[in-house]
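In the working numbering, the protein residues as written are 9 to 648.
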């Protein structure tokens with residue numbers, strides 16, 4: 009994979025490249041770069057409107073990202089929380105504020121960097137995994153999107169990353185800050201633990217009366233409820249499915265190939281390696297001298313016959329290519345910054361360049377191969393051309409069938425059979441699901457869930473209106489089966505209710521016992537050994553845990569590092585455990601982290617972490633100042 013030196017400008021602080029979270033994007037995600045359309049407005053940022061359409065698309069993209077990140081733990085209702093929905097809008101507001109700020113401050117993105125971003129976007133690649141101008145234009149055209157508008161959005165996102173690069177270059181960490189961070193971050197603590205379990209055997213009484221059972225059953229009725237559920241009949245129409253059934257004749261492909269042959273050029277590409285000695289523009293004399301010294305050292309080793317690949321792995325500051333011996337793979341002219349580009353495309357195979365200065369630092373470049381410009385063969389582009397013809401036909405069919413389905417689903421509200429037959433589709437069935445939706449299938453979509461439980465579909469028994477899952481995928485649903493919410497009879501869950509009551513008592517007993525013992529130990533009323541004997545338990549020793557220790561519970565680790573220890577003394581603390589129970593902590597010793605004991609790489613990692621924290625803090629302050637100075641209007645009634 010191409011590891012462009014541009015990657016550094018983006019990857020250094022990836023957490024802030026708001027607009028590039030979706031790139032490379034799958035086709036469903038491309039909608040975020042398309043005009044939000046007219047209609048209701050959810051917010052205004054210094055006069056710039058955020059439409060309801062844009063907001064809903066952002067919600068859908070956030071759902072997709074959460075589903076991918078959380079897997080089986082994802083629940084559709086998570087984004088129904090008003091706080092989560094507002095967080096999505098706040099992110100959109102901040103994005104607009106940043107776009108306005110970088111534009112006003114004169115940030116600009118050159119064509120080379122824009123081209124590089126488009127090159128790495130998967131949606132625009134052909135079967136050879138390379139950028140295809142034809143596919144690029146086709147995708148934009150299919151979405152009703154102009155190339156200039158789309159590219160202006162990409163430039164805006166990249167300008168935001170430039171802003172963050174500026175924050176990083178202005179950030180520095182003093183040695184005293186670094187030493188203090190090492191002292192605290194690498195600190196180790198030794199302690200003893202007395203863990204009082206939340207055990208039913210420790211409670212005074214296991215007797216549970218009928219009144220208490222009934223009260224618990226009523227108070228926690230939701231825990232014993234089978235929620236309302238429905239299953240659906242539905243028909244699904246998508247461009248992707250239609251395209252799969254579209255036949256393409258070889259003659260049609262050959263004809264299209266001949267029409268486009270002259271434009272199907274594979275640009276000359278060059279395969280190079282490089283060693284980057286990082287040096288920011290405008291660096292001071294000390295930093296410049298240090299970089300020059302490293303550069304001289306590398307050149308001397310090259311002259312002595314050392315392997316370019318080995319030197320790149322050891323010396324190069326490009327995190328994307330260093331581990332691969334500086335390999336940048338093949339790339340066409342215009343992908344790299346001009347200075348780098350000009351050097352590579354003026355070299356002979358096997359040649360090692362003199363130092364090339366770019367905004368990233370000094371580069372030593374070796375040219376390994378040249379792939380000459382040539383017309384791509386029919387077989388090379390056959391897959392792309394076939395996909396294009398299939399999609400064009402499928403898109404025409406999609407709009408034709410979508411209209412037919414919408415009309416018949418409305419005219420025949422008691423059945424989907426007529427609409428399905430007219431469009432050559434089959435009526436599918438979903439599994440039962442509740443108002444929170446399903447973990448897979450059509451009922452993961454919020455629009456489908458909302459429609460399924462709407463009065464029109466659930467109460468009146470009609471077909472839904474067409475539901476847009478994406479720009480090129482729609483469904484119509486109707487209720488197949490409805491199961492009202494029911495509560496399990498008390499007789500059926502009586503044992504569960506009793507267990508819940510006893511578990512509550514056990515947790516309360518453990519907590520009360522632990523807090524009482526902690527008070528006695530801290531006051532000197534009882535010693536540690538006597539405290540353990542009073543609850544028939546023993547202390548266990550834990551030596552030199554660090555802040556990321558996984559051998560004991562995270563609650564204990566967090567509490568242990570909150571306690572101050574005076575020299576020559578011991579300290580005591582306690583904490584409830586997430587799974588029930590209570591832990592008493594006896595802090596015995598604290599060993600500060602040693603700056604001198606850390607290796608150079610560890611120190612550098614720590615320095616970068618601190619710098620990133622500083623950047624994040626400055627960035628957040630900057631965004632906060634933009635918000636404070638901005639004229640922001642939020643129309644709450646449009647958010648739900």
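Every residue, glycine too, gets a C-beta built ideally from N, C-alpha and C.
Computed from a predicted structure; not experimentally measured.
Residue 315 sits exposed, since fewer than 16 C-beta atoms from the chains shown fall within 10 Å of its C-beta. For the 8 Å CB-CB criterion, residue 283 and residue 372 form a contact. The three-state reading of DSSP puts residue 121 in helix, counting H, G and I together.
Using a 10 angstroms sphere on the CB of residue 109, the tally of other CB atoms reaches 16 or more, which defines it as buried. For residue 350, no pairing in a beta bridge is given by DSSP. Taking each of 120, 436, 174 and 468 in turn and checking the Cα distance to residue 341, the smallest one comes out for 120. For residue 536, the enclosing alpha helix (DSSP H) covers residues 536 to 542. Of all alpha-carbon atoms in 50, 312, 277 and 287, the one lying nearest the alpha-carbon of residue 336 is that of 277. Here residue 581 is not near residue 202, since their CB atoms are 8 Å or more apart.
Bounds of the alpha helix (DSSP H) holding residue 513 are 498 to 531. DSSP places residue 58 in the uninterrupted beta strand (DSSP E) bounded by 56 to 59. Closest option to residue 190, judged by alpha-carbon separation, among 96, 588, 626 and 605: 605.
The segment 233 to 250 makes contact with the segment 440 to 452; the number of CB pairs closer than 8 Å reaches 3 or more.
DSSP places residue 447 outside both helix and strand once states are collapsed to three, so it counts as coil. Listed as beta-bridge partners of residue 482 by DSSP are 245 and 476. Residue 388: not part of any beta strand (DSSP E); member of the alpha helix (DSSP H) spanning 386 to 419, first to last residue. Here the alpha carbons of residue 611 and residue 160 stand approximately 40 Å from one another. Beta-carbon to beta-carbon, residue 475 and residue 451 are separated by about 11 Å, too far to satisfy the 8 Å threshold. For residue 386, same chain residues with a beta-carbon under 6 Å away, outside a window of 5 residues either side, are 265 in chain order. Rounded to whole angstroms, the gap between the alpha carbons of residue 601 and residue 626 is 27 Å. The Cβ atoms of residue 529 and residue 564 do not sit closer than 8 Å to each other.
Under the DSSP assignment, residue 563 falls outside any beta strand (DSSP E), being part of the alpha helix (DSSP H) whose first and last residues are 562 to 568. Excluding residues up to 5 positions away in sequence, 554, 555, 569, 598, 599, 600 and 601 lie with their Cβ nearer than 8 Å to the Cβ of residue 195 in the same chain. For residue 360, DSSP records a beta bridge to 374. Put simply, the backbone Cα of residue 466 is about 10 Å away from that of residue 240. Boundaries of the alpha helix (DSSP H) around residue 191: 183 to 193.
Per DSSP, residue 166 is one residue of the alpha helix (DSSP H) stretching across 155 to 178.
Your pair residue 646 and residue 247 does not check out as a contact, with CB atoms roughly 30 Å apart and the cut at 8 Å. Here residue 375 is not near residue 364, since their CB atoms are 8 Å or more apart. When the five nearest sequence neighbours on each side are left out, the beta carbons in the same chain lying within less than 8 Å of the beta carbon of residue 572 are those of 579, in order along the chain. C-alpha of residue 132 to C-alpha of residue 147: approximately 8 Å in a straight line. The continuous beta strand (DSSP E) containing residue 337 extends over residues 335 to 340. A residue is called buried once 16 or more other Cβ atoms fall within 10 Å of its Cβ, and residue 53 is buried on that count. Following the DSSP letters along the chain, one finds residue 315 in no alpha helix (DSSP H), marked with neither H nor E.
Annotation: residue 400 to residue 259 spans about 17 Å, alpha carbon to alpha carbon. In the three-state scheme derived from DSSP, where H, G and I count as helix and E and B as strand, residue 261 is classed as helix.
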